[in-house]
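J.: What follows is a single structure, and I will ask about it in a moment.
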Amino acid sequence: MTYKEEFIKFMVDSGVLTFGDFTLKSGRKAPYFINCGNYKTGEQLTKLGGFYADCIADNKIPVETLFGPAYKGIPLAVSAVIALATKYGIDVSYCFDRKEAKDHGEGGMFVGKKLADGEKVIIIDDVMTSGKALRESMPKLKSAADVNVTGMVITVDRMEKALDTDLSAVEQAYKDFGVKVYSIVNINDIIKAIQDGVVEGKEYLDKMLEYRAAYGVDHE
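Dropping the structure here:
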C-alpha cells in the first residue's frame, strides 16, 4: 500500500474516520465524519507523526521549525518532529503558543524554539474546516519574528466549499495568506480507497460521490 492508503486504513482502524449519517457544524448532512480526538495512544501518535513526516518529505517542504497551535496542534507537532528525526534523519525544532502570554520565568507567548526572522516554519494541524487555526496563528507567528511560513500540513483535505464562497478552506488560506496547505490525504483519496477495497464502506460510496458533487471543489 502507498502511505496514503496506509493512512486511510489507520484512520478507520483508529475510529477517526467513520461512515454513516452525520450532521456537520455547517449543517450539511455528510456520509463520513473525521474525529481526530480518537488518536489517544502512544502507538497511534507514533504512527501519526510518521505520516506527517511522510507528507513533509514527499512534498519537499522547506522547514526549520514545526509550529503546533494550542491545544490540539501541540502533540501533533511533537509527534511529527520526532518522526522527521527518527524516520528521515531531519532534525528540526518545534514550538507552540500559549493561550495566554506568560509574564514570569522565561515569559512570552511561545514554548520551544525561539523564532527568528526568515525562519522556515510549517504549521501542523489536524483538519481544516474554516481556516480558523491558520487565521489565528499567522499574526502570532509574525509578532514573534518575520518568519517564512512555508506551508501548513493537515491530515485530511475535505475539498469542500465554505458556506459563503465557492473556495475551499485550503484555497481561501492560500488567497488570504499565501500559505500552501498540504494534506496527508484528501477526500478523493478516501473515495478511491473505498473503491479499491483498501477499507470497508462500499455501501456509502454513492452517498460519498453525491456529497462530493454537491459541495466539492477541485484544486489538485
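996 is the number of the first residue of the sequence shown in the numbering used here; add one for each residue after it.
Heads up, the beta-carbon is just placed ideally off N, CA and C, and yes, glycines get one too.
All values derive from a computational prediction rather than experimental measurement.
Kindly examine the ligand PLP and report whether one of its heavy atoms sits closer than 7 Å to the Cβ of A1157.
T.: Ligands are entirely absent from the displayed structure, and the ligand PLP is therefore not among its contents.
J.: Which value, in whole angstroms, describes the spacing of the CA atoms of E1114 and V1180?
T.: On the sequence shown, position 119 is the one that residue 1114 refers to. On the sequence shown, position 185 is the one that residue 1180 refers to. About 27 Å.
J.: What does Y1027 pair with, by DSSP beta-bridge criteria?
T.: Your numbering for residue 1027 matches position 32 in the sequence shown. DSSP output for Y1027 lists F1014 as bridge partner(s).
J.: Return the CA-CA distance between S1178 and V1122, expressed in angstroms with no decimal places.
T.: To locate residue 1178, count along the sequence shown from 1; it is residue 183. To locate residue 1122, count along the sequence shown from 1; it is residue 127. So the alpha carbons of these two residues sit roughly 9 Å apart.
J.: For A1048, collect the residues of the same chain with a Cβ closer than 7 Å to its Cβ; drop the 5 residues on either side in sequence, then sort them by chain order.
T.: Here residue 1048 is taken as the residue at index 53 of the sequence shown, counted from 1. Once the five neighbours on either side are set aside, the close Cβ partners of A1048 are A1075, A1078, L1079, K1082 and Y1083.
J.: Give me the residue from K1108, G1010, L1071 and Y1066 with the minimum Cα distance to E1095.
T.: As a position in the sequence shown, residue 1095 is number 100, starting the count at 1. E1095 has its Cα closest to that of Y1066, out of K1108, G1010, L1071 and Y1066.
J.: Taking the alpha-carbon positions, what's the G1015 to A1072 distance?
T.: Along the sequence shown, read from residue 1 onward, the residue named residue 1015 stands at position 20. Along the sequence shown, read from residue 1 onward, the residue named residue 1072 stands at position 77. Whole-angstrom Cα-Cα distance: 30 Å.
J.: Check S1009 in the structure and name its three-state DSSP category.
T.: Walking along the sequence shown from the start, residue 1009 turns up at place 14. It is coil, neither helix nor strand.
J.: How about I1224 and V1148: are their beta carbons less than 8 Å apart?
T.: Any property of residue 1224 remains undetermined from this structure, which presents the chain solely from 996 to 1215.
J.: How long is the line joining the alpha carbons of L1161 and I1185, rounded to whole angstroms?
T.: The residue given as residue 1161 occupies position 166 in the sequence shown. The residue given as residue 1185 occupies position 190 in the sequence shown. The amino acid occupying residue 1161 in the given sequence is Asp; Leu does not appear at that position. Between D1161 and I1185, the C-alpha separation is close to 22 Å.
J.: Could you tell me the distance, in whole angstroms, from the CA atom of K1156 to the CA atom of S1138?
T.: In the sequence shown, counting from the first residue as 1, residue 1156 sits at position 161. In the sequence shown, counting from the first residue as 1, residue 1138 sits at position 143. K1156 and S1138: Cα-Cα distance of roughly 31 Å.
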